[in-house]
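**Student:** Numbering (UniProt numbering), first residue to last: 1 to 220.
Using N, Cα and C, we set each Cβ at its ideal position, and we do this for glycine too.
Below is one structure. I have some questions about it.
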């Protein structure tokens, strides 16, 4: 799966990309189904789906489209190859998260005691970070939200994953606050969201070192 120089083969790139998408989708679905706090972008999409009559899968897709436009502004040009990759990633990803979350809810995961649910929610946040770490290092195609973090990280913050994640979270935090003001209710924001806000950048940086350790950042 790796070449002699340590870089993945073309086959390795696609295998690692597929693994990373599945890990991330599973983590997001876990946090959504438990309703004990999702990662920030997912939480903002859940809140928007309650604010407007749009399904979670469609809202994740619409949110991604908006971020693609923001990324183009930050790059000062429309990178069509990059944008196509964003769409190729987020369309199946959005509906995979929505479908897996629905299956987990039907499985009765919310009938578990509180402490196991909290622990599973944190595991979900860690899975999201691990998935992001893998496909950001492959850098073949990215979800636009994670592409935003990648742009901020390497173009403006000298590779600092922790600070870049916090800066990228400004938008979903604003969305959640606006939804709270309008609806006077908040969804998918709980202990898991706080863990994601404080630690997800650290989880990504840690995953960079320990998950598929031979895999380095490519195509920057």
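Can you give me the start and stop residues for the alpha helix (DSSP H) that residue 213 sits inside?
**Tutor:** Residue mapping note: residue 213 aligns to position 213 of the chain shown, counting from 1. First-last for residue 213: undefined, no H or E at that position.
**Student:** Would you say the stretch 112-121 touches the stretch 16-27, given that touching needs at least three Cβ pairs under 8 Å?
**Tutor:** no
**Student:** Would you identify the three-state DSSP class for residue 169, choosing helix, strand or coil?
**Tutor:** Counting from 1 along the chain shown, the entry for residue 169 is found at position 169. It is coil, neither helix nor strand.
**Student:** What is the C-beta distance between residue 46 and residue 210, in whole angstroms, given that I count them as a contact (C-beta under 8 Å)?
**Tutor:** To locate residue 46, count along the chain shown from 1; it is residue 46. To locate residue 210, count along the chain shown from 1; it is residue 210. Between residue 210 and residue 46 the Cβ distance is about 30 Å, and since that is not below 8 Å, they are no contact.
**Student:** Does the Cβ-Cβ distance between residue 125 and residue 11 come in under 9 Å?
**Tutor:** To locate residue 125, count along the chain shown from 1; it is residue 125. To locate residue 11, count along the chain shown from 1; it is residue 11. Result no, Cβ atoms of residue 125 and residue 11 do not sit closer than 9 Å.
**Student:** Could you name each continuous beta strand (DSSP E) segment of 3 residues or more that falls completely within the stretch 117-183, going from the start of the chain to the end?
**Tutor:** none
**Student:** With DSSP as the reference, please indicate the residues paired to residue 8 in a beta bridge.
**Tutor:** Residue mapping note: residue 8 aligns to position 8 of the chain shown, counting from 1. Beta-bridge pairing links residue 8 to 2.
**Student:** My assumption, with CB atoms under 8 Å, is that residue 26 sits in contact with residue 142. Please give the rounded CB distance.
**Tutor:** Numbered from 1 along the chain shown, position 26 holds the residue referred to as residue 26. Numbered from 1 along the chain shown, position 142 holds the residue referred to as residue 142. No, residue 26 and residue 142 are not in contact; Cβ-Cβ is about 18 Å, not under 8 Å.
**Student:** Under a Cβ-count criterion, where at least 16 other Cβ atoms within 10 Å of its own Cβ denotes burial, should residue 40 be classed as buried or exposed?
**Tutor:** Here residue 40 refers to the residue found at position 40 when the chain shown is read from its first residue. It counts as buried.
**Student:** Hey, would you say residue 90 sits closer than 9 Å to residue 127, going by beta carbons?
**Tutor:** In the chain shown, the residue the question calls residue 90 occupies position 90. In the chain shown, the residue the question calls residue 127 occupies position 127. Contact: no.
**Student:** Is it right to say residue 9 is buried, meaning 16 or more other beta carbons lie within 10 angstroms of its own, or is it exposed?
**Tutor:** On the chain shown, position 9 is the one that residue 9 refers to. Under this definition residue 9 is an exposed residue.
**Student:** With a threshold of 6 Å on Cβ separation, who are the neighbours of residue 217 within its own chain once the five nearest residues in sequence on each side are excluded?
**Tutor:** Walking along the chain shown from the start, residue 217 turns up at place 217. Excluding residues within five positions, the ones whose Cβ falls inside 6 Å are 137.
**Student:** Can you tell me which of the three DSSP states residue 200 falls into?
**Tutor:** Counting from one through the chain shown, the residue named residue 200 turns up at place 200. Here residue 200 sits in helix by DSSP.
**Student:** Rounded to whole angstroms, how far is the Cβ of residue 201 from the Cβ of residue 165, which I believe are closer than 8 Å?
**Tutor:** Your numbering for residue 201 matches position 201 in the chain shown. Your numbering for residue 165 matches position 165 in the chain shown. Yes, they are in contact, since the Cβ atoms of residue 201 and residue 165 sit about 3 Å apart, within 8 Å.
**Student:** In terms of alpha-carbon separation, which member of 5, 68, 105 lies closest to residue 28?
**Tutor:** What you label residue 28 is simply residue 28 of the chain shown in a count that begins at 1. Ranking the options by Cα distance to residue 28, first place goes to 105.
**Student:** Would residue 140 and residue 85 be called neighbours here (beta carbons separated by less than 9 Å)?
**Tutor:** By 1-based counting over the chain shown, the position of residue 140 is 140. By 1-based counting over the chain shown, the position of residue 85 is 85. In contact: residue 140 and residue 85 (Cβ atoms closer than 9 Å).
**Student:** Taking Cβ positions, are residue 70 and residue 171 nearer each other than 9 Å?
**Tutor:** On the chain shown, position 70 is the one that residue 70 refers to. On the chain shown, position 171 is the one that residue 171 refers to. For residue 70 and residue 171, yes; Cβs fall inside 9 Å.
**Student:** Please state the DSSP three-state secondary structure of residue 109.
**Tutor:** Reading the chain shown from its first residue, position 109 is the one you call residue 109. Here residue 109 sits in helix by DSSP.
**Student:** Could you pull the start and end residues of the alpha helix (DSSP H) that residue 64 belongs to?
**Tutor:** Counting from one through the chain shown, the residue named residue 64 turns up at place 64. Note, residue 64: alpha helix (DSSP H), 56-75.
**Student:** Return the chain-ordered list of same chain residues with a C-beta closer than 8 Å to the C-beta of residue 97, the five sequence neighbours on each side being excluded.
**Tutor:** Here residue 97 is taken as the residue at index 97 of the chain shown, counted from 1. Counting only Cβ-Cβ distances below 8 Å, and skipping sequence neighbours, we find 25, 28, 29, 32, 42, 56, 57, 60.
**Student:** To the nearest angstrom, how far is the alpha carbon of residue 51 from that of residue 173?
**Tutor:** Residue numbering aside, residue 51 sits at position 51 when the chain shown is read from its first letter. Residue numbering aside, residue 173 sits at position 173 when the chain shown is read from its first letter. In this structure, the CA atom of residue 51 is about 15 Å from the CA atom of residue 173.
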